[in-house]
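Okay, structure first, notes after.
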Amino acid sequence: MLIETPYKNGDTVSLKLSSGEEIVARLESEDDNHYTLRKPMVLIAQEKGLGLAPFMFSVSPENKFMMRTASVSCVSKTQDEISKQYVATTSGIAI
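Be aware that the sequence shown starts at 953, since it is given in our numbering, and climbs by one per residue.
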């Protein structure tokens, strides 16, 4: 039986915030109090499906973002299709 970890550092993860927003980001690290994220994007509903927008417009997306674990309702590895869209949006590389 193969046991797979839900996510690890370096994975693209989805975080549901207590405020209701859903964020897709690259997980750098986590501890008991914080998630350290790279290039966080907010999942938004568009006319032709789901899209991604910057989580914060006033800072460089290259910055590391510290998200308090108390602000996060749940976290999981991002679905493949959304993960590919995230990589294409944040790097310009289509997978």
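Cβ coordinates follow ideal geometry from the N, Cα and C atoms, glycine included.
Counted within 10 angstroms of its Cβ, other Cβ atoms place P958 as buried (16 or more) or exposed: Position 6 of the sequence shown holds residue 958. Flag for P958 reads exposed.
Cutoff 8 angstroms; reference N961; Cβ partners in own chain excluding five residues on either side: For the purposes of this step, residue 961 is taken as the residue at position 9 of the sequence shown. L979, E980, S981 and E982.
For K1000 and K1016, the rounded distance between their alpha carbons: Taking the sequence shown and counting its residues from 1, one reaches residue 1016 at position 64. Taking the sequence shown and counting its residues from 1, one reaches residue 1000 at position 48. Looking at the two C-alpha atoms, the distance is approximately 31 angstroms.
Distance CB(V1004)-CB(M993) smaller than 8 angstroms: To locate residue 1004, count along the sequence shown from 1; it is residue 52. To locate residue 993, count along the sequence shown from 1; it is residue 41. The amino acid occupying residue 1004 in the given sequence is Leu; Val does not appear at that position. Yes; because the gap between Cβ atoms is below 8 angstroms, this pair is in contact.
For V1039, three-class secondary structure by DSSP: On the sequence shown, residue 1039 is found 87 positions in, with the first residue counted as 1. Of the three classes helix, strand and coil, the one that applies to V1039 here is helix, per DSSP.
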